[in-house]
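Remarks on the structure that follows.
Protein chains in written order, with my numbering: chain Z, -8 to 327; chain R, 124 to 424.
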């Protein structure tokens, strides 16, 4: 992929986010529900945006990562269809089904088949810059998704995000860049371990992002969980003594839920190997972005530690070739 | 709480039958949401999956004590807590009442039932039954309540699903035996397609004495596929299980087949199991029962 390196793209996340906050779709969307369609790196923005808007959106916002839309999706649904490449098979199928059901559609893409279809059908397109790695375009994708949600009557979080942009830059420069920074420390701690990332339900998208970045950049298995549901499993964890799993708790230091307190109490003295990652931001929203920055860099440093290229994902290319052989060209799984 | 000894295939099916026989009431509504955070969560998710397949309204499951912004007095809510003492569910109850919502409670008792004084809004979960029976009961009772609300024919769908799964039970005995052998001593990670995500969560709860994980397809193919294609020599005990639809047609089936090929070509063994049933409800129920069969065998190993 041409253009900036992976680290340069990561560094640019805050700038990308800031520039996308000004995006104005230029219209109002009248709908009863919002469906955020996408998979892989292109679904992260929808996942994140849904978490941001959870408590304040009067319109249900539902994630869709499956190429068979629910029966209840119809003309009153706003379908936000995201695929960085514009060529992801599952996402194109979601687009086609949304279009056939008369949904209002907004496409978020850098081009490909999705752009062509949306242009032909007269749907709005939020055009992403090209020459980025799909999973590192989330600064733009989060901003555009939030803007569309706002235009559909959802909450406006842009000024809140703008207020902590300088703090995010400082955070990035502190935890992700210097030699002994937290991102590098975490990467070393994960050597020889299976990361299990746990957050509160309010930021489950962030734990999921950590997992998928470790999968794709570091090429290791990782898992994620969220409180309070994970509390049901914690008792069982103590039985086996699995020292090769490192449970990582993403904890807001300025106020966490009773469920997280309960989980931390269960962990103390339990014998389970765990680590707390403190999130010291002034708000949940700021902490979500902080955690994304930290996790993304950490996964790159894990890859560096293994001596592998974080950008290349050969198994996904294998999938692409197999699917293309069965279905023909023009649709690529795994390119977000 | 989630050890394998608490699950049995007979328990799940008898629990479903028991749940389907209750005289539950639920106010009519065009909008409904279920709140659940404990081991009954797969039952709620199975109902939600069925709604996605056949209903003109979604039945979202809230896995948290926080109330989504879109819930207003027009939304009928069902709160599920096996003990009736789940902190987040009690929090949700208070918040929903403040919002003016109708709240139906399903529990075996506890503080939830002390809060709700209207007997018509309480569905009593039998006490002293196994986790399997509780899970089955919850699925049956929720199906009845959802049908009473007018959202969709969940009860009818579940009754047909029970027939399908009972009919296929014998054919899964060998599958359960083989799966037990492959999982013994390992840490299972169970994946299924999003339309039947409930059974992957149920397997995570049932199978795996202490540590287990779950996830969804085809999202897996865009990230986890890379991780699982690595030898992960630091975690040789990991075992991957895929629960998939029996039919081989359609984009998702093709994707799942390609995915298992890629994993095997990269040296990763995958246990692949076909779920019976033409509906998401049937496949989720099949997954629950099969998970319990495997759990029973692992307990006996």
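Yeah, the Cβ is synthetic: ideal placement off N, Cα and C, and Gly gets one too.
In the three-state DSSP reduction, residue 243(Z) falls in the strand class (E or B). The region 292 to 312 of chain R and the region 228 to 241 of chain R do not touch, with fewer than 3 CB-CB distances between them shorter than 8 Å. Within chain R, the residues placing a beta-carbon under 7 Å from that of residue 306(Z) are 348, 349, 352, 385, 389, ordered along the chain.
Nearest neighbour of residue 380(R) by Cα position, chosen from 68(Z), 35(Z), 136(Z), 317(Z), turns out to be 317(Z). Going by DSSP, residue 111(Z) is part of the alpha helix (DSSP H) stretching over 103 to 112.
When rounded, the separation of the alpha-carbon atoms in residue 383(R) and residue 292(R) is 25 Å.
Residue-level contact by beta carbon fails for residue -5(Z) and chain R, as no gap is shorter than 8 Å. Under DSSP, residue 338(R) shares a beta bridge with 314(R).
Cβ-Cβ distances below 8 Å link residue 265(R) to 142, 157, 166, 167, 170, 201, 203, 229, 277 in the same chain, with the five nearest sequence neighbours on each side left out; the list follows chain order. What residue 257(R) touches in chain Z, judged by beta-carbon distance under 9 Å, is nothing: the nearest beta carbon there is about 13 Å away.
As computed with DSSP, residue 24(Z) is found in a beta bridge with 68(Z). When secondary structure is reduced to three states using DSSP, residue 14(Z) falls in the coil class, being assigned neither helix nor strand. If the five residues before and after residue 65(Z) are omitted, its C-beta is found closer than 8 Å to the C-beta atoms of 92, 93, 94, all from its own chain and listed in chain order. Between the region 134 to 151 of chain Z and the region 36 to 51 of chain Z there are three or more C-beta pairs closer than 8 Å, enough to call the two in contact. The shortest C-alpha to C-alpha distance from residue 101(Z) to any of 81(Z), 128(Z), 86(Z) is the one to 128(Z).
Contact of residue 183(R) with chain Z by beta-carbon distance below 9 Å involves 51, 53. Annotation: residue 145(R) is outside any alpha helix (DSSP H) and is labelled neither H nor E by DSSP. Residue 111(Z) counts as exposed, since fewer than 16 other beta carbons sit within 10 angstroms of its beta carbon.
Secondary structure note for residue 158(R): it is in no alpha helix (DSSP H), and the uninterrupted beta strand (DSSP E) holding it is 155 to 159. Distances from the alpha-carbon of residue 22(Z) to those of 235(Z), 143(Z), 98(Z) put 143(Z) closest.
At least 8 Å separates the beta-carbon of residue 194(R) from that of residue 159(R).
Taking the Cα of residue 392(R) as reference, the smallest distance to any Cα among 359(R), 370(R), 377(R) is reached at 359(R). For residue 172(Z), the secondary structure class from DSSP, reduced to helix, strand or coil, is coil. When secondary structure is reduced to three states using DSSP, residue 293(Z) falls in the helix class. Pairing residue 390(R) with residue 207(Z), the inter-Cα distance amounts to about 18 Å. Contact annotation for residue 358(R) against chain Z: 185, 212, 235 [CB-CB distance below 7 Å, chain order].
A Cβ of chain Z is located within less than 8 Å of the beta carbon of residue 341(R). Unbroken beta strand (DSSP E) runs of no fewer than 3 residues, entirely contained in the region 190 to 270 of chain R, are found at 199 to 204, 225 to 230, 245 to 247, following chain order. Contacts between residue 242(R) and chain Z, judged by CB atoms closer than 7 Å, are missing: the closest CB pair is about 28 Å apart. The residue among 365(R), 372(R), 357(R), 356(R) with its C-alpha nearest the C-alpha of residue 340(R) is 365(R). With at least 16 other beta carbons inside 10 angstroms of its own, residue 214(R) counts as buried. By the neighbour-count criterion, in which 16 or more other beta carbons inside 10 Å mark a residue as buried, residue 318(R) falls on the buried side.
When C-alpha distances from residue 265(Z) are compared across 240(Z), 7(Z), 250(Z), 272(Z), the shortest belongs to 240(Z). Check the Cα spacing between residue 178(Z) and each of 212(Z), 288(Z), 193(Z), 114(Z): the tightest is with 288(Z). Contact between residue 272(R) and residue 162(R) is absent: CB atoms are separated by about 24 Å, not below the 8 Å threshold. In the three-state DSSP reduction, residue 139(Z) falls in the helix class (H, G or I).
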